[in-house]
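In the working numbering, the protein residues as written are 185 to 485.
Inspection log for the structure reproduced underneath, given as structure tokens.
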């Protein structure tokens with residue numbers, strides 16, 4: 185299952201930033217209507233890449249992960265995301281880099297993307313919140329999207345998800361309460377089932393282990409012990425779930441898909457917990473459940 189939508193070099197320890205820039209090709213998709221958001225999409229053909237498909241995973245039970253979100257454009261899935269409040273989702277910043285966010289649809293309650301499912305709730309994006317994202321180094325590869333209702337669905341015009349058995353809010357860690365080496369986690373998403381393979385229609389999941397070697401401080405990294413499995417080219421932005429908490433957002437890989445040598449990298453949710461909390465507090469209104477992550481005592485946004 186692929187958990188990334190595009191390929192890109194990243195700045196890795198010991199590799200000069202200038203050399204990274206020389207190897208990176210940036211293609212910019214420009215939107216011309218009004219003041220719509222303009223973002224760059226990094227693409228390339230070799231080396232480290234944005235997180236992607238999950239290789240060696242298995243189909244998830246239908247709606248086993250009700251916080252899982254599909255970001256779609258022109259009717260097609262391009263990235264994963266996580267529902268963190270009734271009107272906010274969390275994803276990777278590179279997913280919207282270069283796209284007109286007004287064309288993005290946020291789909292909740294999905295399992296099989298090849299079928300018309302009555303469990304789905306679909307929203308548009310109202311606001312996009314980034315926190316210092318660098319598309320060259322992929323630092324701070326995290327974004328919060330505020331949703332609003334879609335036309336044709338009057339029960340959702342207030343821009344808040346209806347929580348039920350198929351749609352639930354994920355639990356996030358408190359500020360700086362990350363995950364340690366050796367912890368068992370779960371990665372998930374829709375995407376290619378392998379290199380040069382078609383994208384998965386059914387949500388896939390993969391058991392992974394947190395590792396700290398060869399991992400940047402602001403990332404959570406994982407490997408699959410004793411076999412070649414992991415994330416690859418496809419659609420990023422999906423969650424890394426550890427002990428019931430979303431600790432990471434799929435970001436990038438090094439050394440190719442499921443190399444078994446380099447860990448897969450996720451943006452650390454715990455690093456941005458206070459920032460996420462402040463957005464929900466300021467823009468969430470009064471119709472959302474308790475803040476996620478939980479409000480740190482004595483802190484203000």
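Virtual Cβ for every residue (Gly too), placed ideally from N, Cα, C.
Between residue 311 and residue 465, the alpha-carbon positions lie close to 14 Å from each other. Here the stretch 344–352 does not lie against the stretch 449–464, with fewer than 3 beta-carbon pairs under 8 Å apart. Residue 397 sits exposed, since fewer than 16 C-beta atoms from the chains shown fall within 10 Å of its C-beta. About 5 Å separates the beta carbons of residue 317 and residue 324, which is inside the 8 Å limit, making them a contact pair. Under the 10 Å beta carbon count, residue 388 is surrounded by 16 or more other beta carbons and is classified as buried. Rounded to whole angstroms, residue 290 and residue 309 show a C-alpha spacing of 7 Å. For residue 310, the enclosing beta strand (DSSP E) covers residues 305–314.
The DSSP-derived three-state label of residue 356 is coil. Between residue 458 and the set 423, 353, 364, 315, the nearest pair of CA atoms involves 315. Taking the Cα positions, residue 286 is about 15 Å away from residue 263. Residue pairing of residue 261 in beta bridges, as defined by DSSP: 256. Residue burial is scored here from C-beta neighbours: residue 246 has fewer than 16 other C-beta atoms within 10 angstroms and is therefore classed as exposed. In terms of CA proximity to residue 242, 371 leads the group 454, 371, 427. In terms of Cβ geometry, residue 273 and residue 267 form a close pair [threshold 7 Å]. Excluding the 5 residues flanking it on each side, residue 399 has same chain C-beta neighbours closer than 8 Å at 405, 447, 449, in chain order. In the three-state scheme derived from DSSP, where H, G and I count as helix and E and B as strand, residue 456 is classed as helix.
Secondary structure of residue 435 (DSSP, three-state): strand. Our two residues, residue 353 and residue 275, have alpha carbons roughly 14 Å apart in a direct line. DSSP, reduced to helix, strand and coil, places residue 449 within a strand of the structure shown. Taking C-beta atoms as the reference points, residue 369 and residue 424 count as a pair closer than 7 Å. One Cα belongs to residue 392, the other to residue 252, and the distance between them is close to 18 Å.
Scanning its chain for C-beta atoms nearer than 6 Å, with the 5 sequence neighbours on each side dropped, one finds around residue 261 the residues 254, 297, 374, in chain order.
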